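Numbers given in the numbering used here equal positions in the sequence shown, counted from 1, plus 603.
Note that CB positions come from ideal geometry on N, CA and C, so glycine has one too.
These figures come from a predicted structure and were not determined experimentally.
Only one structure is covered here, and it is reproduced in the block below.
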Amino acid sequence: MSFPAVVVKASKIHGKGLFAKSAIKPGTPVIEYDGERITPAEARRRYPELPGKPRESYLLAVDSKTTIDGGKSRVRFANHSCDPSCELLVYKKRVFLIALKPLKSGDEITYDYNLVIHGDVDVPTALAATACNCGAKTCRRTMLRLADDPAAKRALKAASRST
Ligand SMILES: [Zn+2]
């Protein structure tokens, strides 16, 4: 499978980002989330869950047996956005970022990380570690997945009131 050319450069969202080098149509696979395929046990060994510290990694669970470690892939530069340009698609146990909208040359390749915290981390710590500044009008202020986590939603509301 061939992919459109993308380039890594400084991002306004965070550090370095991944950017389109030409126009990309919606529905196009932009890049594969590739990397070493490891077991969840090996993922835990490489990136231990420390009490009070959210785990930072480029791990993506494909299913209950397989996790991709994207730490050496260019896909690790793809930033989170609450109004992303791409979404993850799992197809035959491979994972791709698919364009959600028409992209122009220079547009940033982003997707919604929808992070889930593993391990023993309290909600304020988790929110602080996953704060989002993507700049989207619809920014929800965290990279965490909130839809199925009412406690996180309430904590986020309380935190935004106090600032
Ligand atoms: Zn955001």
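Taking only heavy atoms of ligand 1 into account, decide whether any of them is closer than 7 Å to the Cβ of residue i.
{"i": "Ala-608", "result": "no"}
{"i": "Ile-732", "result": "Note that residue 732 is Ala in the sequence shown here, rather than Ile. No."}
{"i": "Cys-735", "result": "yes"}
{"i": "Ser-614", "result": "no"}
{"i": "Ala-762", "result": "no"}
{"i": "Ser-605", "result": "no"}
{"i": "Cys-742", "result": "yes"}
{"i": "Cys-685", "result": "yes"}
{"i": "Ala-739", "result": "yes"}
Could you pull the DSSP bridge partners for residue i from this structure?
{"i": "Lys-619", "result": "Ala-613"}
{"i": "Asp-715", "result": "BP columns for Asp-715 are empty, so no partner."}
{"i": "Tyr-694", "result": "Arg-697"}
{"i": "His-683", "result": "Tyr-714"}
{"i": "Ile-641", "result": "Thr-670"}
{"i": "Leu-747", "result": "Leu-718"}
{"i": "Ala-734", "result": "Thr-745"}
Note down, in chain order, each residue of its chain lying with its Cβ closer than 8 Å to the Cβ of residue i, except the 5 sequence neighbours on either side.
{"i": "Glu-690", "result": "Leu-700, Ile-701, Leu-703, Tyr-714 and Asp-715"}
{"i": "Glu-645", "result": "Thr-670"}
{"i": "Pro-607", "result": "Ala-623, Lys-624, Ser-625, Ile-627, Thr-631 and Val-633"}
How is residue i classed by DSSP in three states: helix, strand or coil?
{"i": "Phe-699", "result": "strand"}
{"i": "Val-678", "result": "helix"}
{"i": "Ala-739", "result": "coil"}
{"i": "Pro-632", "result": "strand"}
{"i": "Glu-664", "result": "First, the residue type needs correcting, since residue 664 is Ala and not Glu in the sequence shown. Residue state, collapsed to three classes: strand."}
By Cβ distance below 7 Å, which residues in the same chain neighbour residue i in space, the five residues on each side in sequence not counted?
{"i": "Ser-614", "result": "Gly-620, Asn-682 and Glu-711"}
{"i": "Ala-758", "result": "Val-726, Pro-727 and Leu-730"}
{"i": "Ala-789", "result": "Examination of residue 789 is not possible in this model, given that the chain is present from 604 through 766 alone."}
{"i": "Cys-742", "result": "Cys-685 and Cys-735"}
{"i": "Leu-706", "result": "Ala-623, Ala-626, Ile-627 and Ser-688"}
To the nearest angstrom, report how far apart residue i and residue j are at their CA atoms.
{"i": "Glu-635", "j": "Leu-749", "result": "26 Å"}
{"i": "Pro-643", "j": "Asp-723", "result": "17 Å"}
{"i": "Tyr-694", "j": "Lys-628", "result": "19 Å"}
{"i": "Asp-672", "j": "Val-610", "result": "21 Å"}
{"i": "Gly-618", "j": "Arg-679", "result": "11 Å"}
Answer yes or no: does any C-beta atom of chain D fall closer than 8 Å to that of residue i?
{"i": "Val-698", "result": "Checking the listed chains, one finds no chain D in this structure; it contains a single protein chain."}
Output needed for residue i: all residues of its chain with C-beta closer than 6 Å, excluding positions within five of it in sequence on either side, in chain order.
{"i": "Lys-631", "result": "The sequence given here has Thr at residue 631, not Lys. Contacts found: Ala-702."}
{"i": "Asp-666", "result": "none"}
{"i": "Thr-733", "result": "Leu-718, Thr-745, Met-746 and Leu-747"}
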